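Have a look at the structure below before the remarks.
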Amino acid sequence: RIIFCIHGLILNLTSFASMYVQDAADGQTAVPMYGAMSPYGDMQAVDFHGKVPFAARTPRTSLNLVAVVACFFLPILIFVMVFAAQSFEFHYEKPRECMLLCGSVLVAVFIMGYFSYTAVTQRTVGVQEPMWYIIVFASSFLAWILAFGFGKANFEANMRPFYDTSNLNVYQSVNPATAHGSQMMDAGRIMFTPDSHLDLTKAMGFQNVDRYCVAPISAGARGRNTTQLATYDFWAVGLNCCSGHGAEFRCGDHWNPKATSALRLMREEERAYYRLAVQQAEAAYDIRAQHPIFLYWLQDANAELFAYQDDGFKYFVLGSLCFSCFQLFAVVVATIAFSKMSL
């Protein structure tokens, strides 16, 4: 009886197996057994749902922390180095060496670009470092371009006037009625006597795209009773601060009765136009200006001079912080993008 039972069980199993094979042949997907091997030579084990177990799947590629840190700090270092070289005294004292330094940094950036290209062309599947090389190169090149341009602009607008004026002489208690411009050709800052003022009745403007405004510095009585000087060699100047028609001058501290000091005009490209305005004033008011010196009329010339330096350092710090924030944002976005790519 036991033998007959076993024989019947074998027949039933054989019949069930035949039905399973027939269903698979008719196009129905057979459910593999737990722990069975996948078809077509796949050696990964699958579960009873036909899915690859979690432990057998391809592991997620981890980010390279060294590459992330380098991508953040290296472009910032390049930006700060080039920005500082272009902005400050190194550019003023040794312009050739400054250009050589900036050029060397640019060559180093192009070398990074070459290695980035090589890494991408020889990229290995699943390796993320080549993409980080591209980010480092692009950020470094952008950092050099921005630092070179903004550094030069900062130097021309703030630091060059500060260095030029600081290197010139300082004259105290100058009486414009008795002093002559030929005696102070090396003046950077001039402190006039307390009775000095602008003679607005002899102001003049010269028009050439911009309006170049001038007014002589006089001493003694003010208004129409002002003292007529033998020569007017000290002139307050300003850009686009007069109408050009009649005696009008609204430049600098023209409104301040305590203003008795001045800073030397250091922009060589503007000097010729101010000289033409003085010549017009000579013809219009029948006065003489043998050796005119062009100045910015101020209450405190020393404070105004060091304001140039303060602005130069302020723009340097502000520019460095802005680029650092931009670079941090770029690294975070790249990190998130590469993390999704590695899923």
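Read in order, the letters of the sequence shown are residues -12 to 330 in the working numbering.
For every residue, glycine included, the Cβ atom is placed at its ideal position computed from N, Cα and C.
Computed from a prediction, not measured in an experiment: that's the story for all the values here.
What separation, rounded to the nearest whole angstrom, lies between the Cα atoms of D287 and M191?
Start at 1 with the first residue of the sequence shown, and residue 287 comes out as number 300. Start at 1 with the first residue of the sequence shown, and residue 191 comes out as number 204. Rounded to whole angstroms, D287 to M191 spans 24 Å at the Cα level.
Quick check on the DSSP output: the beta strand (DSSP E) that includes G239 runs from which residue to which?
In the sequence shown, counting from the first residue as 1, residue 239 sits at position 252. Run containing G239: none; DSSP gives neither H nor E here.
Taking 9 Å as the threshold (C-beta atoms), are L187 and I274 in contact?
As a working note, residue 274 is residue 287 in the sequence shown. As a working note, residue 187 is residue 200 in the sequence shown. Result no, Cβ atoms of I274 and L187 do not sit closer than 9 Å.
Sorted by chain position, which residues of the same chain lie with C-beta nearer than 6 Å to S161's C-beta, five sequence neighbours on each side aside?
By 1-based counting over the sequence shown, the position of residue 161 is 174. Checking the sequence shown, residue 161 turns out to be Val, not Ser. Only I177 and F179 meet the Cβ criterion.
Mapping DSSP to helix, strand and coil, what is A288?
Numbered from 1 along the sequence shown, position 301 holds the residue referred to as residue 288. Three-state result, A288: helix.
Residue from L315, V265, K139 and E143 whose Cα sits closest to the Cα of V56:
Locating residue 56 in the sequence shown gives position 69, counting from the first residue. Per the Cα distances, L315.
Reducing DSSP to helix, strand and coil, say where V112 ends up.
Position 125 of the sequence shown holds residue 112. Residue placement at V112 is poorly supported in this model, since its pLDDT is 48, which falls under 50; the coordinates are not used for a value here.
Residues sharing a beta bridge with Q194, DSSP:
Taking the first residue of the sequence shown as position 1, residue 194 is located at position 207. The beta-bridge partner set that DSSP reports for Q194 consists of R198.
By Cβ distance, which residues of its chain are closer than 7 Å to E235, with the 5 residues on each side in sequence left out?
In the sequence shown, residue 235 corresponds to position 248, counting from 1. Same-chain partners within the cutoff: A190 and C229.
Please tell me whether Y150 and Y261 are closer than 9 Å, where the distance is taken between their beta carbons.
Looking up residue 150 in the sequence shown gives position 163. Looking up residue 261 in the sequence shown gives position 274. Cβ distance not < 9 Å, so Y150 and Y261 don't count as in contact.
Between which two residues does the beta strand (DSSP E) containing R251 stretch?
Here residue 251 refers to the residue found at position 264 of the sequence shown. For R251, the enclosing beta strand (DSSP E) covers residues S248 to R251.
If you check the beta carbons only, do L133 and F310 fall under 9 Å apart?
Here the question's residue 133 lines up with position 146 in the sequence shown. Here the question's residue 310 lines up with position 323 in the sequence shown. Yes, Cβ-Cβ distance for L133 and F310 is below 9 Å.
How should L87 be labelled, buried or exposed, when 16 other C-beta atoms within 10 angstroms of its C-beta is the threshold for buried?
On the sequence shown, residue 87 is found 100 positions in, with the first residue counted as 1. Residue burial annotation: L87 is exposed, with fewer than 16 other C-beta atoms found within 10 angstroms of its C-beta.
Say whether the stretch 90 to 107 touches the stretch 121 to 133, bearing in mind that this needs 3 or more beta-carbon pairs closer than 8 Å, one atom from each stretch.
The stretch 90 to 107 and the stretch 121 to 133 touch, with no fewer than 3 CB-CB distances between them shorter than 8 Å.
Applying the 10 Å Cβ sphere with the 16-neighbour rule, what's the burial state of Q15?
On the sequence shown, position 28 is the one that residue 15 refers to. At Q15, the pLDDT of 47 sits below 50, so the modelled position is not reliable; the number obtained from the coordinates is stated separately. Flag for Q15 reads exposed.
May I ask you to report which of helix, strand or coil DSSP gives I323?
As a working mapping, residue 323 is identified with position 336 in the sequence shown. Looking at I323 - three-state DSSP - the assignment turns out to be helix.
What does the alpha-carbon distance come out to for the pair A259 and V53?
For this step, residue 259 is matched to residue 272 along the sequence shown. For this step, residue 53 is matched to residue 66 along the sequence shown. Their backbone Cα atoms lie some 57 Å apart in a straight line.
Could you please give me the residues that DSSP links to R275 through a beta bridge?
Walking along the sequence shown from the start, residue 275 turns up at place 288. Answer is none; R275 lacks a bridge partner.
Going along the chain, which unbroken runs of the alpha helix (DSSP H) with 4 or more residues stay wholly within the stretch 108 to 174?
You should have 116 to 141 and 147 to 153.
From A166, S307 and R254, residue whose alpha carbon lies closest to that of Q277
For the purposes of this step, residue 277 is identified with residue 290 of the sequence shown, where counting begins at 1. Nearest C-alpha to Q277 among A166, S307 and R254: A166.
C-alpha distance - L308 paired with A71, whole-angstrom precision:
Counting from 1 along the sequence shown, the entry for residue 308 is found at position 321. Counting from 1 along the sequence shown, the entry for residue 71 is found at position 84. Distance between the alpha carbons of L308 and A71: 13 Å.
What are the residues that DSSP puts in a beta bridge with L282?
The residue labelled residue 282 in the question sits at position 295 within the sequence shown. Residue pairing by DSSP places L282 opposite A223 and R251 in a beta bridge.
Alpha carbon to alpha carbon, how far is V318 from V69?
One-based indexing of the sequence shown puts residue 318 at position 331. One-based indexing of the sequence shown puts residue 69 at position 82. Straight across, the Cα-Cα distance linking V318 with V69 is about 21 Å.
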